[in-house]
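Trainee:
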Amino acid sequence: MKDWIEKINAKIDELIQQKWMKRLRISGSVTWNLFLLFLVFALVGTVFAGSVGAGYFASLVKEEPLRSKKDLRELIFNYDSTSEIYFANDIYIGKLRTDLDRRETTLNNVSPDVINAVLATEDEYFREHNGIVPKAVIRGLLQDVTNSATQTGGSTLTQQLIKNQVLTNEVSYERKAKELLLAMRLEHFMTKDEILEAYLNIIPYGRNASGRNIAGVETAAEGIFGVKAKDLTLPQAAYIAGIPQAPFAYTPFTNKGVLKSEEALQPGIDRMKTVLYRMKDAGYIDEAQYQTALNYDIKADFRSPEMRPEDRYPWLTYELESRAIDIIAEKLAAEDGIDPERLKNEEKLKDKYKILADRDVRSKGYRIYSTINKDMYDAMQKAAENFKYYGHTYTGKDKDPVTGEEIDVEMPVQVGSILIENTTGRILSFVGGRDFKTTEVNHATQAFRPNGSTMKPLLVYAPAIEYGVIGAGSPLVDVKFSIGKWSPKNYITSDERGLIPAREALADSQNLSALRLYNDIINKRPADYLAKMGFTKLAPNDYTNLSTGIGALEIGTTVEENTNAFATFANGGQFIDAYMIDRIEDQEGNIVYKHEAEPVQVYSPETSYIVTDMLRDVLTKGTGTMAKNTLKFSADFAAKTGTTQEYKDVWLVGYNPNVSLGVWLGYDKQKTLYAFNNTYLQPSVRINKLWGTLMNSVYDVDPQLIAPKTRFKQPKNVVSASFCGISGLAPSAACSSAGLVRSDLFNAKVFLPSQPDDSLASSSVVTIKGKTYNALPSTPPEFVKTGGAGINQAFIKRMLGRLGGNPASLLPKNSTLSNSSVSAVDFPADGNPPAAVTASINGNTLSWSGSSNDVVGYRIYNVTNGGHTLVNSVLESTQSITVASGQAYVVVAVDITGLTSPQSNVVSSGGSEDEPDQEGDQETIPPITPPEDGTGNNGNGSGNGTGGNNGNGSNNGNGSSSNGNGSNNGNNGNNGNGTGNGNNGNSSNNGNGSGNNGNGNNGGDNGNTTPPPETPTQ
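Heads up, the final residue of the sequence shown is numbered 1018 in my numbering, and it's a clean run with no missing numbers.
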């Protein structure tokens, strides 16, 4: 029974177990099937989601081109780099103006601490990932989807590089998708070190000590701490590495280059501490290094605020920038197959390439090396700043460049000066102006002004010598003339020197002789010489206007051009174009431009030496003596001064065998420099002193260069030859007898006096008003000098030429030839008896007034007790004699024709004056004093004749002091016809012209206005 029961139980258990197992199998099967179904759905869902995501991703990047390795690398490495400028001898000036300062470096020139700080802070897994970190991407996506307030970032260095160099900073899924795609692609094309190096060169770092925006670790190291990136300490490296997260919040400087306040600096310092902690956490530094850096006072390392180059050296910075742009513009044009010469004539083409060049100059990281000597430049700026005699500063009206409102502006006397090394053309230094804030115009290189009498050696004397027209001492005609309403005159009052040596005419800057000489050669187009010497603004009229000979250019020239032209004489006639940029290098040190001199032979060495020798006299006895006296040293200098109409410009250009220095003074808005008070020196004196002062300043820097011991070498074909001083021809016996033989320098290759002088013939002469004239047959012999020499009338006509002029002025009193016995011409006597004189007596001295202009002498008679005894005959220059006591006297004037005046009133020594007797009583005629410039003494000369010897009206009417209206000339030459005309125009000292230009242009030394008091030396 027991066994049976056990069997039953066992069977029941078996049945139960089979049922459970069956159920278990069913449940398991169902579960498994459900799992498989879920897995299928999950996989399908994942694939679907992935497909949707992939499709969306593909849609985001569909417009992104498939970039090649070359294209992608070029984009990555195409980061702008700021160009730098240098003084001569590679002395650093600073960076050119740009929106962003950047200087490229290489990874091996970066401190390891910087690299570690960047990796610890910006990309912990940089060495392991393939451009992106998936979990960081997902985390960023979830943060964006959930609109999380905490954004932990997640961009790798590679992504940041793509964003900055290939894409933009746009916030969008499309840009992010492209960033991810390109980052992974870039990892296949660049090594990790290349990516890291590129990142360190492009990332922004806020501002430097000048207030400029900066990028790149090298620029940040120098701009914030004043060290190279390779020399950054751990705290400095941590500070810099922390800046990119918020560049303008963490940078220590404001946009003005001022160090921020303590409070404003704190965020950057806190960020530095965060970077240090991450470096420790990543194992780059240990605890000791961390604590030391944490407690370091980083504020002590910030560099002091630094002036920008354009603030320290504004004239120089802008000038180098401008010239570099011109150079690169020509280079770019040449690379495009365009002749760079076209840029000079085609404005649109020029503008196009200047825009392209401007971009390159500011962003290609060029190193621009100039010729400017730093010490000389600094010395000249200081000397110019301290000069005390510029003149009055006016206040005028101008428009605000921003608002257009009318504002008050200062108008100081401006200055421009430049120093050029002759043999190379290197511009060693310059002065651009008084104050860059007043005007940014560089008055040494950009301001075009008429150059006054500094034009004379360039355009008149040198060409005339080159053509074989004159030698250094050849006689020139310094006699007035008129062309229409233009009646030029000399700088000093209105003197005429007659026949004057060329050397003297140039040294004293005589306008009349220069204009007459220029008139003789103008048909040869001597202005072509100016074009060869770099005058860039010559107008068509400058080739034909006579007034160009004394500097009346239509547009003008710059101090650089004018000085550069004078250096041609120093170089033996070879023009070497001045330059300021020696070379330009790219970031790798490759030379992209190197200046190459291209000398142009303008004048012969002989001409250059002769002109130089003549210009030596300017400093020793001419218009530049004060400049020479201002110098603290001696050298073989030659120079020329210049003054334009109404003292609106004054110039002085001087040179020695080594250097040329040019200086200009004037107002930006043309205004006379002359001041009618004693506050300032005369304009010509100012320019003399300033030239000497500036030359002294550079002498202190380099005495050997500025004061060479060598002298200008005289070429073998420059010889000294004798000639007749009155004609310039070979001396004749008559010339020798008259004491007129001179000698001076000539170019034996083109011109030596060989034709015998034909100007003189034996003659008897008289003296009237200090001038000599041929005596007439009827001239009383007691007033005649015999054995003299008279000038051939054909010679007179030849010398006065087409411009004409008063023949009597050929040998004025102040001529260097006036001591000879030469008489210039026949005197134009009027055929009327002279006017009576008025006599007076003081003790035993008998005096009398002057008479008519043709008087050659006076006869004094003793008329005591009714007698009439000749006591003495004296020349017209004598107007008093000593007489005996107790006697009565009268004086009679005698003219060149022998006619006598009525006797004067009777005067007695020790007695009273009596009324004049003989020929009836007449009123006493007052003494006649001629005015300065030859306006007639009395009357208007009504009924002026049109032929010689006319002119009515006592004392010659309204003509020159020597002639009546129309006398000798009538309608011809300078005299004119009719009441109120005459030799010299209608107004004293002026005539009707408008200065030494004709038509109102500026002219040479002082122009044609009445000189102010105390006429300055020029």
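Note that beta-carbon positions come from the ideal geometry of N, C-alpha and C, so glycine has one too.
On the criterion of 16 or more Cβ atoms from any shown chain inside 10 Å, does Tyr-394 qualify as buried, or is it exposed?
Mentor: Taking the sequence shown and counting its residues from 1, the one referred to as residue 394 is at position 394. Tyr-394 is exposed by the Cβ-count criterion.
Trainee: Determine, using beta carbons only, whether Gly-268 and Thr-251 come nearer to each other than 8 Å.
Mentor: Residue 268 sits at position 268 when you count from the first residue of the sequence shown. Residue 251 sits at position 251 when you count from the first residue of the sequence shown. Judged by their CB atoms, Gly-268 and Thr-251 are nearer to each other than the 8 Å cut-off.
Trainee: Mind checking Ser-370: buried by the 16 CB within 10 Å criterion, or exposed?
Mentor: Numbered from 1 along the sequence shown, position 370 holds the residue referred to as residue 370. Buried, because 16 or more other Cβ atoms sit within 10 Å of the Cβ of Ser-370.
Trainee: Touch check for the region 182-192 and the region 70-82: three-plus C-beta pairs under 8 Å?
Mentor: At 8 Å Cβ cutoff, the stretches touch.
Trainee: How far does the beta strand (DSSP E) with Ser-840 in it extend, from its first residue to its last?
Mentor: Here residue 840 is taken as the residue at index 840 of the sequence shown, counted from 1. Note, Ser-840: beta strand (DSSP E), 839-842.
Trainee: Can you give the beta carbon distance from Thr-558 to Phe-448, rounded, assuming they're within the 8 Å contact cut?
Mentor: Locating residue 558 in the sequence shown gives position 558, where the first residue counts as 1. Locating residue 448 in the sequence shown gives position 448, where the first residue counts as 1. 6 Å between Cβ atoms; contact.
Trainee: Helix, strand or coil, according to DSSP, for Ser-954 in the structure here?
Mentor: Indexing the sequence shown from 1 puts residue 954 at position 954. Bear in mind that the predicted position of Ser-954 carries a pLDDT of just 33, short of 50, making it too unreliable to give a figure here.
Trainee: For Val-855, list the residues DSSP reports as bridge partners.
Mentor: Position 855 of the sequence shown, counted from the start, is the residue given in the question as residue 855. In DSSP, Val-855 forms a bridge with Asp-895.
Trainee: Check Tyr-518 in the structure and name its three-state DSSP category.
Mentor: Looking up residue 518 in the sequence shown gives position 518. DSSP, read as helix, strand or coil, puts Tyr-518 in helix.
Trainee: Hey, quick one: how far does the alpha helix (DSSP H) through Ser-363 stretch, first residue to last?
Mentor: Position 363 of the sequence shown, counted from the first residue, corresponds to residue 363. Note, Ser-363: alpha helix (DSSP H), 347-363.
Trainee: Within 10 Å of its beta-carbon, does Pro-134 have 16 or more other beta-carbons around it, so buried, or fewer, so exposed?
Mentor: Here residue 134 is taken as the residue at index 134 of the sequence shown, counted from 1. Pro-134 is exposed by the Cβ-count criterion.
Trainee: Just to confirm before moving on: does the CB-CB distance between Val-837 and Asp-895 stay below 8 Å?
Mentor: The residue you call residue 837 lines up with position 837 of the sequence shown. The residue you call residue 895 lines up with position 895 of the sequence shown. Contact: no.
Trainee: Using only the alpha-carbon positions, how far apart do Leu-428 and Gln-587 sit?
Mentor: Reading the sequence shown from its first residue, position 428 is the one you call residue 428. Reading the sequence shown from its first residue, position 587 is the one you call residue 587. The alpha-carbon atoms of Leu-428 and Gln-587 are separated by roughly 26 Å.
Trainee: Quick one: is Gln-236 buried, meaning 16 or more other Cβ sit within 10 Å of its Cβ, or exposed?
Mentor: Counting from 1 along the sequence shown, the entry for residue 236 is found at position 236. Counting Cβ neighbours within 10 Å, Gln-236 comes out buried, since at least 16 surround it.
Trainee: For the alpha helix (DSSP H) holding Lys-561, just list the boundary residues, first then last.
Mentor: Against the sequence shown, residue 561 aligns to sequence position 561. As written in the sequence, residue 561 is Glu, which differs from the Lys given in the question. Where Glu-561 is concerned, the enclosing alpha helix (DSSP H) stretches over 559-570.
Trainee: Give the C-beta separation of Met-626 and Arg-503 to the nearest angstrom, bearing in mind that I take them to be a contact with Cβ-Cβ under 8 Å.
Mentor: Residue numbering aside, residue 626 sits at position 626 when the sequence shown is read from its first letter. Residue numbering aside, residue 503 sits at position 503 when the sequence shown is read from its first letter. Rounded, the Cβ-Cβ distance is 20 Å, inconsistent with contact.
Trainee: Is the beta carbon of Val-413 closer than 8 Å to that of Val-431?
Mentor: In the sequence shown, the residue the question calls residue 431 occupies position 431. In the sequence shown, the residue the question calls residue 413 occupies position 413. Result no, Cβ atoms of Val-431 and Val-413 do not sit closer than 8 Å.
Trainee: Since I believe Thr-121 is in contact with Arg-278 (beta carbons under 8 Å), could you give me their beta-carbon distance rounded to a whole number of angstroms?
Mentor: Within the sequence shown, the letter at position 278 stands for residue 278. Within the sequence shown, the letter at position 121 stands for residue 121. Their Cβ separation, rounded to whole angstroms, is 5 Å, which keeps Arg-278 and Thr-121 in contact under 8 Å.
Trainee: Which first and last residues belong to the beta strand (DSSP E) in which Leu-530 is found?
Mentor: Here residue 530 refers to the residue found at position 530 of the sequence shown. Looking at the DSSP string, Leu-530 is not in any beta strand (DSSP E); the run it does join, the alpha helix (DSSP H), is 527-532.
Trainee: Taking the CB atoms as reference points, tell me whether Glu-405 and Leu-96 lie closer together than 8 Å.
Mentor: By one-based count along the sequence shown, residue 405 stands at place 405. By one-based count along the sequence shown, residue 96 stands at place 96. Cβ atoms of Glu-405 and Leu-96: not closer than 8 Å.
Trainee: Can you tell me which of the three DSSP states Val-460 falls into?
Mentor: Here residue 460 is taken as the residue at index 460 of the sequence shown, counted from 1. In this structure, Val-460 counts as helix in the three-state DSSP scheme.
Trainee: The alpha helix (DSSP H) with Trp-691 in it runs from where to where?
Mentor: Counting from one through the sequence shown, the residue named residue 691 turns up at place 691. Taken as a continuous stretch (DSSP letters only), the alpha helix (DSSP H) holding Trp-691 covers 683-701.
Trainee: When the Cβ atoms of the region 624-638 are set against those of the region 688-702, are three or more pairs found closer than 8 Å?
Mentor: Yes, the region 624-638 is in contact with the region 688-702.
Trainee: Between which two residues does the alpha helix (DSSP H) harbouring Gln-291 extend?
Mentor: Indexing the sequence shown from 1 puts residue 291 at position 291. Residues 287-294.
Trainee: Would you grab the beta carbon distance between Asp-113 and Leu-234 for me? Rounded to a whole angstrom, and I think it's under 8 Å.
Mentor: Here residue 113 corresponds to residue number 113 of the sequence shown, with the count starting at 1. Here residue 234 corresponds to residue number 234 of the sequence shown, with the count starting at 1. With a Cβ gap of about 5 Å, Asp-113 and Leu-234 count as contacting.
Trainee: Give the DSSP bridge partners of Ile-483, in chain order.
Mentor: Counting from one through the sequence shown, the residue named residue 483 turns up at place 483. DSSP output for Ile-483 lists Trp-486 as bridge partner(s).
Trainee: Please tell me whether Thr-767 and Leu-875 are closer than 8 Å, where the distance is taken between their beta carbons.
Mentor: Translated into positions along the sequence shown, residue 767 becomes position 767. Translated into positions along the sequence shown, residue 875 becomes position 875. Yes.
Trainee: Please identify the residue among Lys-178, Lys-713, Leu-196 whose C-alpha is closest to the C-alpha of Thr-158.
Mentor: Looking up residue 158 in the sequence shown gives position 158. Nearest C-alpha to Thr-158: Leu-196.
Trainee: Which ranges would you report for the beta strand (DSSP E) in the region 713-793 if only whole runs of at least 3 residues count?
Mentor: 718-724, 741-747, 760-768, 771-774, 785-791
Trainee: Are the beta-carbon atoms belonging to Glu-596 and Asp-577 less than 8 Å from one another?
Mentor: Sequence index remark: in the sequence shown, residue 596 carries index 596 (1-based). Sequence index remark: in the sequence shown, residue 577 carries index 577 (1-based). In this structure, the beta-carbon distance from Glu-596 to Asp-577 does not fall below 8 Å.
Trainee: Between which two residues does the alpha helix (DSSP H) holding Met-376 run?
Mentor: In the sequence shown, the residue the question calls residue 376 occupies position 376. Taken as a continuous stretch (DSSP letters only), the alpha helix (DSSP H) holding Met-376 covers 374-386.
Trainee: In this structure, what does DSSP give as the bridge partners for Lys-228?
Mentor: The sequence position of residue 228 within the sequence shown is 228, counting from 1. Bridge partners of Lys-228: none, in fact.
Trainee: According to the neighbour-count rule (16 or more other Cβ atoms, all chains shown, within 10 Å of its Cβ), is Gly-589 buried or exposed?
Mentor: Position 589 of the sequence shown, counting from 1, holds the residue named residue 589. By the neighbour-count rule (16 or more Cβ atoms within 10 Å), Gly-589 is not buried but exposed.
Trainee: Among Tyr-655, Val-718, Ser-849, which residue has its Cα nearest to the Cα of Ala-570?
Mentor: Translated into the one-based positions of the sequence shown, residue 570 becomes position 570. Per the Cα distances, Tyr-655.
Trainee: Check each candidate in Leu-705, Leu-232, Asn-130, Leu-181 and name the one with the smallest Cα separation from Thr-191.
Mentor: Here residue 191 refers to the residue found at position 191 of the sequence shown. The shortest Cα separation from Thr-191 among Leu-705, Leu-232, Asn-130, Leu-181 belongs to Asn-130.
Trainee: Taking the straight line between their C-alpha atoms, what separation do you get for Asn-89 and Ala-638?
Mentor: Taking the first residue of the sequence shown as 1, we reach residue 89 at position 89. Taking the first residue of the sequence shown as 1, we reach residue 638 at position 638. So the two alpha carbons sit approximately 29 Å from each other.
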